[in-house]
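Okay, so here's the structure we're looking at.
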């Protein structure tokens with residue numbers, strides 16, 4: 198999908214849109230290479246984290262002028278898994294594609310928000326107006342006081358807001 202000059206790849210939301218796992222993986226790895234911390238890791242360790250995200254289809258990859266801007270990924274978590282996620286009781290990849298019985302209440306959680314070369318505000322606007330426009334999205338706020346976990350949320354904008 199192309200919105201305001203930004204290519205939005207979100208296969209879980211727009212399954213009819215064409216996309217390539219190789220393109221997305223390559224773009225994600227390129228983005229990781231733009232960040233000093235992630236640049237230190239091996240390609241193998243990047244693939245170990247990134248492929249479960251890609252396989253889940255619960256991500257949105259943003260590209261402008263054929264250049265990756267960043268990506269987000271999310272999961273639907275039960276209350277028990279929300280607590281485990283908030284307190285880092287299980288590895289990150291455990292949460293990327295959790296499956297529950299139909300009767301289990303779940304909420305949408307943003308797991309990653311990765312924009313090492315800018316574009317975060319563009320992504321927020323596109324997510325709220327298009328990709329997640331009818332959703333309430335929970336996330337952990339990482340700038341809380343040391344030793345505390347703060348949960349926040351944002352809501353999508355229904356209609357033409």
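In the working numbering, the protein residues as written are 198 to 358. Virtual Cβ for every residue (Gly too), placed ideally from N, Cα, C.
Nearest-angstrom Cβ-Cβ length linking residue 321 and residue 355, presumed shorter than 8 Å: About 16 Å separates the two Cβ atoms, so there is no contact after all.
Alpha-carbon spacing of residue 294 relative to residue 262, whole angstroms: 30 Å
Own chain partners of residue 274 with C-beta closer than 7 Å, once the 5 adjacent residues on each side are dropped: 282, 292, 295, 303, 304, 306
For residue 352, the residue or residues it bridges with in DSSP: 333
Host beta strand (DSSP E) of residue 198 (start-end): Where residue 198 is concerned, there is no enclosing beta strand (DSSP E), given that its DSSP letter is neither H nor E.
Residue 347, DSSP secondary structure in three states: strand
Residue 249, DSSP secondary structure in three states: helix
Exposure of residue 286, with buried meaning 16 or more beta-carbon neighbours within 10 Å: exposed
The region 234-245 / the region 207-218 touching (three or more Cβ pairs under 8 Å): no
Three-way DSSP call (helix, strand, coil) for residue 286 in this model: coil
Through-space distance from residue 338 to residue 260, alpha-carbon basis: 25 Å
Distance CB(residue 271)-CB(residue 255) smaller than 8 Å: yes
Span of the beta strand (DSSP E) around residue 221: First-last for residue 221: 218-230, but that is the alpha helix (DSSP H), not the beta strand (DSSP E).
Sequence-distant residues of the same chain with beta carbon closer than 6 Å to residue 236, five excluded per side: 230
Contact belief for residue 224 with residue 258 at Cβ below 8 Å, rounded distance in angstroms: 6 Å
Beta-bridge partners of residue 269, as assigned by DSSP: 257, 310
Closest Cα partner of residue 266 within the set 349, 327, 344, 319: 319
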